Amino acid sequence: SWPTFNLLISITGRTMGALGNLTFVLCIIIFIFAVMGMQLFGKNYVDNVDRFPDGDLPRWNFTDFMHSFMIVFRVLCGEWIESMWDCMLVGDVSCIPFFLATVVIGNFVVLNLFLALLLSNFGSSSLSTPTADNDTNKI
Numbered sequence: 001s002w003p004t005f006n007l008l009i010s011i012t013g014r015t016m017g018a019l020g021n022l023t024f025v026l027c028i029i030i031f032i033f034a035v036m037g038m039q040l041f042g043k044n045y046v047d048n049v050d051r052f053p054d055g056d057l058p059r060w061n062f063t064d065f066m067h068s069f070m071i072v073f074r075v076l077c078g079e080w081i082e083s084m085w086d087c088m089l090v091g092d093v094s095c096i097p098f099f100l101a102t103v104v105i106g107n108f109v110v111l112n113l114f115l116a117l118l119l120s121n122f123g124s125s126s127l128s129t130p131t132a133d134n135d136t137n138k139i
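Sequential numbering of the sequence shown, starting at 1, is according to UniProt numbering.
In structure tokens:
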């Protein structure tokens, strides 16, 4: 019914205000993993550029902060296999724990924070219709 739908929309709207903090946490996580990737693997891309088929750096690399930021964002979007293979081509198997940690921490922790935020706002409000208006509930 429309009153219940209105209640759901208002609860979702109140949740949007608290998403700023969650976005801030996500940006910090992306920043940390981008700097870690740049420090751990950035030099490997420059030193071993001849291992790539074209002899050029791939588009997704850890050579500078902006590329590192974009590759971590790409990993959080779910496109991490190709980037991990490129990292393993210039480095070693130490790329595997880094990419897996990025996927686990980035996706699962942030997703759980979002769901906890949404559920806490739904839990604080009553989803039942007011009992004073019993006429709409009668058949």
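For every residue, glycine included, the Cβ atom is placed at its ideal position computed from N, Cα and C. Being a predicted model, the structure only gives us computed values, none of them experimental.
>> Can you find the residues in the same chain that come closer than 6 Å, C-beta to C-beta, to Leu118, ignoring five residues on each side of it along the sequence?
In response: So the qualifying residues of the chain are Thr15.
> Taking Cβ positions, are Val40 and Phe98 nearer each other than 8 Å?
Replying inline: The sequence shown places Leu at residue 40, rather than the Val named in the question. Yes. Within cutoff.
>> Rounded to the nearest angstrom, what separates Lys43 and Asn6 at their Cα positions?
In response: Taking the CA atoms as reference points, Lys43 sits about 54 Å from Asn6.
>> Can you find the residues in the same chain that come closer than 6 Å, C-beta to C-beta, to Val110, ignoring five residues on each side of it along the sequence?
In response: So the qualifying residues of the chain are Leu26.
>> I need the straight-line Cα distance from Gly20 to Phe114, nearest angstrom please.
In response: Near 11 Å, if we compare the C-alpha coordinates of Phe114 and Gly20.
> If we count the other Cβ atoms within 10 Å of its Cβ and call it buried at 16 or more, is Thr102 buried or exposed?
Replying inline: Flag for Thr102 reads buried.
>> Within the continuous alpha helix (DSSP H) that includes Ile71, where are the two ends?
In response: Counting along the chain, Ile71 sits inside the alpha helix (DSSP H) bounded by residues 65-76.
>> Please report the straight-line C-alpha distance between Ser94 and Cys87, rounded to a whole angstrom.
In response: Spanning the two alpha carbons is a distance of roughly 9 Å.
>> Under 8 Å: do the stretch 71-81 and the stretch 45-56 share three or more Cβ pairs, one atom per stretch?
In response: No, because fewer than three Cβ pairs between the stretch 71-81 and the stretch 45-56 fall closer than 8 Å, the two stretches do not touch.
> At a cut-off of 7 Å, is Leu22 close to the ligand NAD when judged by its beta-carbon and the heavy atoms of the ligand?
Replying inline: Looking at this structure, you won't find the ligand NAD or any other ligand, since it has none at all.
> Should Arg51 be flagged as near chain B, meaning a C-beta pair shorter than 8 Å?
Replying inline: Structure shown: chain B not included; a single protein chain is present.
> What's the gap between the Cα of Phe69 and the Cα of Met36?
Replying inline: Roughly 10 Å between the two C-alpha positions.
> Exposed or buried, what is Gly123 when buried is set at 16 or more other beta-carbons lying within 10 Å of its beta-carbon?
Replying inline: Exposed, because fewer than 16 other Cβ atoms sit within 10 Å of the Cβ of Gly123.
> Thr129 to Gly106, Cα distance in whole Å?
Replying inline: Confidence is the limiting factor: at Thr129 the pLDDT is only 48, short of 50, which leaves the residue's position unreliable and the question unanswerable from this model.
> If you draw a straight line from the C-alpha of Ile32 to the C-alpha of Met38, how long is it?
Replying inline: Our two residues, Ile32 and Met38, have alpha carbons roughly 10 Å apart in a direct line.
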